[in-house]
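Peer 1:
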Amino acid sequence: MRTQRPSRLRQMSAVGVALGVTAGFAMSGMALAHDRHDVDPDALALEIVQSQGDGIETLPVAKGPFPDTENMRFLGQVAPEAMGALPIPGAFADTTAKGILNDIWGWTSPAGEEYALVGSTGGMAVVRVTDPGNPEFLGSLESQAPGNIGNLWGDVGVFENFAYYTSEIVGSEIDVVDLSVLDGLAPASSPDTVLPAPTFRFSTGGYLSAHNIQVNEDTGFAYVAGVRLEPGAANNACGLDVPPRFNTLIYDLNTDPTNPDVAACLPDIGEHDFYPVVYDGPDTRFQGREIVFVFDGRDRIPPVGERIGGFTEIWDATDKNNIEVLARFRVPELVFSHAGWTTEEQDFLFINDELDELVAAGWAFTEFFAQPVDDPTKKPSTGTYIVDIRELDNPVFVERFNHSTASLDHNFIVKDDKIYQANYTSGTRVLQIERDAAGTVSLSEFAHMDTEPRLPKNILNLNQEDKFGTAFLGQWGIFPLFDSGTIVASDRNNGLIVMRLSDAPCKGIRCSR
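The sequence shown lines up with residues -33 to -1, 1 to 480 when you count with mature numbering (1 follows the signal peptide of the UniProt record, and there is no 0).
#1: Please list the segments of the alpha helix (DSSP H) lying wholly inside the stretch 37 to 91, counting only runs of 4 or more residues, in order along the chain.
#2: Just reading off the alpha helix (DSSP H) that Ala373 is part of, what are its end residues?
#3: Name the one or two DSSP bridge partners that Asp458 has.
#4: Might you give, ordered along the chain, the residues of its own chain that have their beta carbon closer than 6 Å to the beta carbon of residue 483, omitting 5 neighbours on each side?
#5: Identify every residue that forms a DSSP beta bridge with Thr418.
#6: Rounded to whole angstroms, how far is the Cβ of Gly377 from the Cβ of Gln442, which I believe are closer than 8 Å?
#7: Assuming Leu105 is part of the beta strand (DSSP E), what are its boundary residues?
#8: To the nearest angstrom, report how far apart Ala29 and Leu359 are at their CA atoms.
#9: Since Glu257 is in the alpha helix (DSSP H), which residue starts that stretch and which ends it?
#10: Output the distance between the C-alpha atoms of Asp323 and Tyr352, rounded to the nearest integer angstrom.
#11: Check whether the Cβ atoms of Ala389 and Ala456 lie closer than 8 Å to each other.
#12: Within the same chain, show all residues whose beta-carbon is closer than 8 Å to that of Ala78, passing over the 5 residues directly before and after it, in chain order.
#13: Helix, strand or coil for Phe315 per DSSP?
#14: Measuring CB atoms only, is the stretch 458 to 465 touching the stretch 400 to 409, in the sense that at least three cross pairs come out at less than 8 Å?
#15: Does the separation of the CB atoms of Asp142 and Asp70 fall below 8 Å?
#16: Step through the CB atoms of chain D and report whether any lies within less than 8 Å of the CB of Ile290.
#17: Out of Arg297, Glu127 and Thr75, state which residue places its alpha-carbon closest to the alpha-carbon of Glu366.
#18: In this structure, what does DSSP give as the bridge partners for Ile400?
#19: Are there 16 or more other CB atoms within 10 angstroms of the CB of Gly86, so buried, or fewer, so exposed?
#20: Under a three-way DSSP split, which group does Glu324 fall into?
#21: Less than 8 Å between the CB atoms is what I'm expecting for Gly172 and Cys232, so what's the real figure, rounded?
#22: To which residues does DSSP link Val302 through a beta bridge?
#23: Of the choices Met91, Ala58, Ile180 and Asp383, whose alpha-carbon is the least far from that of Val397?
#24: Measuring alpha carbon to alpha carbon, tell me which of His305, Val259, Gly248 and Gln254 ends up nearest Glu312.
#25: Residues in its own chain within less than 6 Å of Arg252 by CB, not counting five upstream and five downstream?
#26: Report buried or exposed for Ser110, applying the criterion of at least 16 other Cβ atoms within 10 angstroms of its Cβ.
#27: With DSSP as the reference, label Val94 as helix, strand or coil.
#28: In its own chain, which residues sit with a C-beta less than 8 Å from the C-beta of Glu257, not counting the 5 before and 5 after it?
#29: Taking the beta carbon of Glu334 as the centre, do at least 16 other beta carbons fall within 10 Å, making it buried, or is it exposed?
#30: Note down, in chain order, each residue of its chain lying with its Cβ closer than 6 Å to the Cβ of Val363, except the 5 sequence neighbours on either side.
#31: According to DSSP, simplified to helix, strand and coil, what is Ile116?
#32: May I have the straight-line CA-CA distance separating Ala60 from Glu280, to the nearest angstrom?
#33: Can you tell me whether DSSP reads Asn361 as helix, strand or coil?
#34: Could you work out which residue in Thr310, Pro420, Ile454 and Asp263 is closest to Arg402 when comparing CA atoms only?
#35: Give me the Cα-Cα distance between Arg459 and Leu301, rounded to the nearest whole angstrom.
#36: Between which two residues does the beta strand (DSSP E) carrying Asp383 extend?
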């Protein structure tokens, strides 16, 4: 099946662009191609706090090595409160008492030093992980509004020697940190140490807050998702008096990385995340062009009030004034197109759905959240969706790979022939990418490390309305792209986790001995 004829994003002003997409097609008519670990010492405490109506976040940080591990080696850990994470007063006071983490990225200096850039409720922490068994906290970029609920969500992108940090704090700016000084810094003397590095801020284009940032490090363009814009046509790059809630700003970082120009403003784009690449895949028509995979967290097409989106788009964004939508599609059973990544060959796309497991467990969505219906008894499997993109304008759904776990899946990255996933309550999950004789991709489970072992295996089936958020504890983000093989992940409650794949097959704590 082929997608509709490509539509285009037409320029509205010097940098304002409007979406000219007709109703998208659904791929739902396609057929599907397709030892219990040691008991954690805090297990009893978990039962007690749950019976009292409280959650896992009230327990002390769980320290590695972790018993539910296979083919991975635990190397180091830094607790959230040890690297500047702060509590959020009010309704989230208990949940965030120790501070919690959000997303993570990595940077390698010209001298080969490796650093984890970790978002948290206190800002963005920097941790040197060159010696993975001895991670060194260097300091934090402070939150622009400590205690603000917007600190729960943060994202990090990198271009050359600059890190970019966004958050959902309304009225904030994009933080920029000059990373070139990091090699000369000594470990911080206390958790509240401010990172001694040059910092900058910008809000070009009417930026007020954002959900995610993805930087194409090869082209120098930053794609910022879920942007709130200043009202008033003269105050935002889209030129709108009353901008919608969800917008995209694309920044050109090449001329001035600390105060970039807006290359495009896309209003009412319901995107949640991007994956931009310089395309070198099998579709020769687009080789050398900037292709962006767009994961649409909020559909534009459904009636007002329906906020959950399952569409994925593929853009040719080479010309920022005339972005072409090559394909817009929805795979079967997908509820929320959250994020994605391609194979190294750029011929297959992996998509994760943060919410489909909740639906399978018997939860129903309200406008912005979810609520339990009846008594959820199903046992959903975590899923990863596979799409054949050998023709960029003709994506073909292959299958939903079902994991052996029941957790929600969150952010992930592909490196070589493996997918590294941060899957909330089941922690790090590594999938092996395999191919048949025709080159079609399939997946199998290769390794894992459950960094929050105190949660039940099937957390989604707990019929406890007040503890819905428990399903969103555990790992948020992961970064496996260091040349050394070091992997860093952000566990919301248990902190920065430093690990590697093991040299030989192993299970349990002995993997880390």
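Glycine is no exception: its CB is placed at the ideal position from the N, C-alpha and C atoms.
Predicted model only: the values in this text are computed from it and were never measured.
Peer 2: Concretely, from the data shown:
#1: none
#2: Taken as a continuous stretch (DSSP letters only), Ala373 belongs to no alpha helix (DSSP H), as it is neither H nor E.
#3: Gln442 and Gly462
#4: Only positions -33 to 480 of the chain appear in this structure, which leaves residue 483 out of reach.
#5: BP columns for Thr418 are empty, so no partner.
#6: A quick correction: the sequence has His, not Gly, at residue 377. Contact holds; Cβ gap of about 7 Å.
#7: Glu103 to Glu109
#8: 44 Å
#9: In the DSSP assignment, Glu257 falls outside any alpha helix (DSSP H) and within the unbroken beta strand (DSSP E) covering Glu257 to Phe262.
#10: 11 Å
#11: yes
#12: Excluding the 5 residues flanking it on each side, Ala78 has same chain C-beta neighbours closer than 8 Å at Asp150, in chain order.
#13: strand
#14: no
#15: Not a contact, by the Cβ cut-off of 8 Å.
#16: Included in the structure is just one protein chain, with no chain D present.
#17: The shortest CA-to-CA distance from Glu366 to any of Arg297, Glu127 and Thr75 is the one to Arg297.
#18: Leu410
#19: buried
#20: Of the three classes helix, strand and coil, the one that applies to Glu324 here is helix, per DSSP.
#21: Going by Cβ atoms, the distance from Gly172 to Cys232 rounds to 6 Å, so yes, they are a contact pair.
#22: In DSSP, Val302 forms no bridge with anything.
#23: Asp383
#24: Gly248
#25: Sequence-distant partners of Arg252 (beyond 5 residues in either direction) whose C-beta falls short of 6 Å from its own C-beta are missing from its chain.
#26: buried
#27: strand
#28: Asn183, Thr186, Phe188, Pro243, Val244, Val245, Tyr246, Asp283, Ala284 and Thr285
#29: Note on Glu334: pLDDT 48, under 50, position unreliable in the model; the coordinate value appears next. Of the other Cβ atoms in all chains shown, fewer than 16 fall within 10 Å of the Cβ of Glu334; this residue is therefore exposed.
#30: Asp355
#31: Taken through DSSP and simplified to helix, strand or coil, Ile116 comes out as helix.
#32: 38 Å
#33: DSSP places Asn361 in coil when its eight states are reduced to three.
#34: Thr310
#35: A direct Cα-to-Cα measurement between Arg459 and Leu301 gives close to 25 Å.
#36: First-last for Asp383: undefined, no H or E at that position.
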